[in-house]
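The structure under discussion appears below in the form of structure tokens.
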Amino acid sequence: MPQETGLKKILIDELRDIYHAEKQLVKALPKMAKAASSADLRAALEQHLDETEEHVNRLEQAFDLLEQPAKAKPCAGMAGIIEEGSDVIREEEKGPTLDAAIIAGGQRAEHYEMAAYGSVIAWAKTLGHDDVATLLHETLEEEKAADEKLNELAEGGINAEAASESEAEEEEDESAAEERRPAMARRGANGAGSRSMSTRSRR
Ligand SMILES: [Fe+2]
Numbered sequence: 000m001p002q003e004t005g006l007k008k009i010l011i012d013e014l015r016d017i018y019h020a021e022k023q024l025v026k027a028l029p030k031m032a033k034a035a036s037s038a039d040l041r042a043a044l045e046q047h048l049d050e051t052e053e054h055v056n057r058l059e060q061a062f063d064l065l066e067q068p069a070k071a072k073p074c075a076g077m078a079g080i081i082e083e084g085s086d087v088i089r090e091e092e093k094g095p096t097l098d099a100a101i102i103a104g105g106q107r108a109e110h111y112e113m114a115a116y117g118s119v120i121a122w123a124k125t126l127g128h129d130d131v132a133t134l135l136h137e138t139l140e141e142e143k144a145a146d147e148k149l150n151e152l153a154e155g156g157i158n159a160e161a162a163s164e165s166e167a168e169e170e171e172d173e174s175a176a177e178e179r180r181p182a183m184a185r186r187g188a189n190g191a192g193s194r195s196m197s198t199r200s201r202r
């Protein structure tokens, strides 16, 4: 096999990078789906898992068309995005806020992939590999659709639910703090005074 140079070399390098990125997503998406509370979000993530498995297959076909072995190259970019996503899943309780965070992580992954596929498609076309470009264009369209679906879910209710969840939590915290305050202080003449003091001190 000849040693590739120039644009062909970076095309193959980038394909190896995306190949690893897609394989990492195949492992991460079921964890994200499991952590999701919204049934619609879970369904969207599961659907994208099926598509992502197909993205791996398409990349293997692209390597074939380029007469290259299907080899993965560690993709630190996707590893970082997935790592941040797993941190949130570990730290946040299940509910709309975690769902909103899962969507944000998923969209970050989709945008990373969209950028990468955009470059490799353009390079494949420039090199006369329209077969590779057409194949990966199908994947790019699915990444875009997945991103749009996540956007719809966020803006169609999950973000608003997360906002009212945090409002409810704040109210709970306030009433718990109120109960903890000694009865004397609650009845004290300075109740209103201390509030305006704290407002002043914040200015
Ligand atoms: Fe993908």
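Numbering follows numbering that gives the first Met the number 0, with no gaps: position 109 of the sequence shown is 108.
Every residue gets a Cβ at the ideal spot worked out from N, C-alpha and C, and that includes glycine.
Exposed or buried, which one is residue i when buried takes at least 16 other CB atoms within 10 Å?
i      : result
Gly104 : buried
Lys148 : buried
Ala99  : buried
Ser37  : buried
Asp237 : For residue 237 there is no data in the structure shown, the boundaries of the chain being 0 and 202.
Glu21  : buried
Ala35  : buried
Roughly how many angstroms separate the alpha carbons of residue i and residue j, rounded to a whole number?
i      : j      : result
Ser165 : Ser118 : 40 Å
Gly94  : Leu28  : 17 Å
Ile157 : His128 : 42 Å
Arg185 : Ala175 : Residue confidence is low: Arg185 scores 49 on pLDDT, short of 50, so the model does not pin down where it sits. Its coordinate-derived value is still stated next. Taking the straight line from one Cα to the other gives about 13 Å.
Thr4   : Asp12  : 11 Å
Met196 : Asp172 : Here Met196 scores only 41 on pLDDT, less than 50, and its place in the model is too uncertain to base an answer on.
Glu53  : Glu170 : 46 Å
Leu6   : Ala115 : 14 Å
Ala161 : Leu126 : 47 Å
Ile120 : Arg89  : 36 Å
Thr96  : Gln106 : 15 Å
Glu168 : Glu178 : 15 Å
Ser85  : Lys8   : 33 Å
Gly79  : Gly155 : 28 Å
Ser163 : Glu91  : 16 Å
His47  : Ala159 : 24 Å
Lys26  : Thr51  : 10 Å
Leu203 : Asp146 : This structure cannot settle anything about residue 203, because the visible part of the chain is limited to 0 through 202.
Val87  : Val55  : 26 Å
Asn150 : Met31  : 16 Å
Asp262 : Lys33  : Here the chain has residues from 0 to 202 only, and residue 262 is not among them.
With residue i and residue j assumed to form a contact (beta carbons below 8 Å), what rounded beta-carbon distance in angstroms separates them?
i      : j      : result
Ala69  : Glu59  : 5 Å
Glu137 : Arg57  : 7 Å
Leu44  : Ala123 : With a Cβ gap of about 29 Å, Leu44 and Ala123 do not count as contacting.
Ile224 : Leu24  : Outside the displayed range of the chain (0 to 202) lies residue 224, so it cannot be described from this structure.
Could one say the Cβ of residue i lies closer than 8 Å to chain B's Cβ atoms, at least one of them?
i      : result
Ala132 : Of the chains in the structure shown, none is chain B; there is only one protein chain.
Does the count of Cβ pairs from the segment 108 to 116 and the segment 138 to 155 closer than 8 Å reach three?
yes
Within 8 Å, do at least three Cβ pairs link the segment 4 to 22 to the segment 68 to 85?
yes
Please give me, in chain order, every unbroken run of the beta strand (DSSP E) with length at least 3 that falls completely inside the segment 88 to 131.
none
Contact between the segment 54 to 70 and the segment 130 to 138: three or more CB pairs below 8 Å?
yes
Output the residue ranges of the alpha helix (DSSP H) runs that lie fully inside the segment 19 to 74 and measure 4 residues or longer, sorted by chain position.
38 to 64
Residue ranges of each alpha helix (DSSP H) within the segment 149 to 182, 4 or longer
Counting only runs that start and end inside the segment 149 to 182, the alpha helix (DSSP H) elements of at least 4 residues fall at 158 to 179.
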